[in-house]
Amino acid sequence: DLVEHVNAFNQLVMDLARLDVKIEDEDKALLLVSLPPSYEHLVITLTHGKTTVNNEEVTAALLGHELRKQKNATDESTQDLGLAVKGYQLRKGEEAEKKKKKKVQCYRCKDWGHIKRECPELKGGASANAATRGDDSDSSSDVLVVSNRRSTKAEAWMLDSACSFHATPNREWFSSYKSGEFGLAYVGDDTGYRVAGVGDIKIKMFDGVERMLRGVRHVPGLKRNLISLGVLHDGGMEFRCDRDTKIMEIMEDGVTVMIGERTASHLYKL
268 DLVEHVNAFN QLVMDLARLD VKIEDEDKAL LLVSLPPSYE HLVITLTHGK
318 TTVNNEEVTA ALLGHELRKQ KNATDESTQD LGLAVKGYQL RKGEEAEKKK
368 KKKVQCYRCK DWGHIKRECP ELKGGASANA ATRGDDSDSS SDVLVVSNRR
418 STKAEAWMLD SACSFHATPN REWFSSYKSG EFGLAYVGDD TGYRVAGVGD
468 IKIKMFDGVE RMLRGVRHVP GLKRNLISLG VLHDGGMEFR CDRDTKIMEI
518 MEDGVTVMIG ERTASHLYKL
């Protein structure tokens, strides 16, 4: 149990403090992620690419992971949350049917995981307000704008504090796109999905301003579009939540650039 693990760890730290034994914050964080092998992908996510780790951030991430895990046991609708990356490692023991489907390539859009008659491009891009679809170039264009107004569950963007990156299953939304092998993405129930590509998506915000969401992972099979609050925070943005109005404001240089509304399942939808 992660909650018991964190509580026991904090008690040990306090006991050592009474004995005048000081433990540096980074050492606390490294000790705290001494979890069993079943949490390997979570530990990798918390430490990958970082020169230092913060005890407060690690504690919050562990407790958040445990809460999502408990919720997933009773609410299958939240299984898309808790996205974590374990780059460039193939997961063993996947079901044979999933393996077979991932090897299928669409002859129209060249993406993996579906055949031509299931291709989103044949549906006219109904899930996005697109004038013209962008190509696979590295430079962003001004031709694709995804609107969040009156969006359905499949079209809505969810603000997620546990995501390691922005992610969407909608290939047609990208204004720039680079396909390749980017490893697997894991959701809260430990299901792994292939990351088929990375690119940029232009989103129309609440105030009508179009903003570019960069470094978005294309994850076919994912059931929600996820915006990583951690990535936004690393980019200099700040968050503010109002308990009464159930609104989350995301600010850049003191100006509100995104607004999330809390849903009945306690998630924030852009």
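Using this note's numbering, the letters of the sequence shown correspond one by one to residues 268 to 537. Note that CB positions come from ideal geometry on N, CA and C, so glycine has one too.
- Here ALA423 is near LYS536, since their CB atoms are less than 9 Å apart.
- Looking at the DSSP output, LYS445 shares a beta bridge with VAL465.
- Closest option to TYR460, judged by alpha-carbon separation, among PRO487, ILE470, ALA434 and GLU505: PRO487.
- The continuous beta strand (DSSP E) containing ASP509 extends over residues 505-509.
- SER495 is bridged by DSSP to ASP427.
- In this structure LYS289 is exposed. Its beta-carbon is surrounded by fewer than 16 other beta-carbon atoms within 10 angstroms.
- Excluding residues up to 5 positions away in sequence, ARG438, ALA463 and GLY464 lie with their Cβ nearer than 6 Å to the Cβ of HIS485 in the same chain.
- With respect to the C-alpha of SER532, the residue from MET425, CYS386, LEU286 and ASP287 having the closest C-alpha is MET425.
- Counting along the chain, the unbroken beta strand (DSSP E) around ARG529 starts and ends at 522-529.
- Between the region 444-452 and the region 518-526, the count of Cβ pairs shorter than 8 Å is below three; the stretches do not touch.
- Beyond the five residues adjoining it in sequence on each side, LEU534 comes within less than 6 Å, by CB distance, of MET425 in the same chain, given in chain order.
- A direct Cα-Cα distance of roughly 43 Å separates LEU493 from ARG285.
- The beta carbons of ALA429 and LEU489 sit no closer together than 9 Å.
- Per DSSP, the unbroken beta strand (DSSP E) holding GLU516 starts and ends at 514-519.
- Assignment of beta-bridge partners to TRP440 by DSSP yields no partner.
- Proximity to GLY521 across CYS386, PHE506, SER495 and ARG491 peaks at PHE506, based on C-alpha coordinates.
- When GLU291, ALA275 and MET515 are compared, the shortest CA-CA separation from PHE473 is found for MET515.
- For GLU477, the enclosing beta strand (DSSP E) starts and ends at 477-485.
- DSSP lists HIS485 as the beta-bridge partner residues of THR435.
- In the DSSP assignment, the residues bridged to GLY459 are TYR453.
- In its chain, beyond the 5 residues on either side, GLU519 have a beta carbon closer than 7 Å to the beta carbon of GLY503.
- When rounded, the separation of the alpha-carbon atoms in LYS471 and PHE432 is 20 Å.
- Around the beta carbon of ARG510, a 10 Å sphere encloses fewer than 16 other beta carbons of the protein chains shown; the residue is thus reported as exposed.
- In this structure ILE468 is in contact with VAL483, their Cβ atoms being roughly 5 Å apart against a cut-off of 8 Å.
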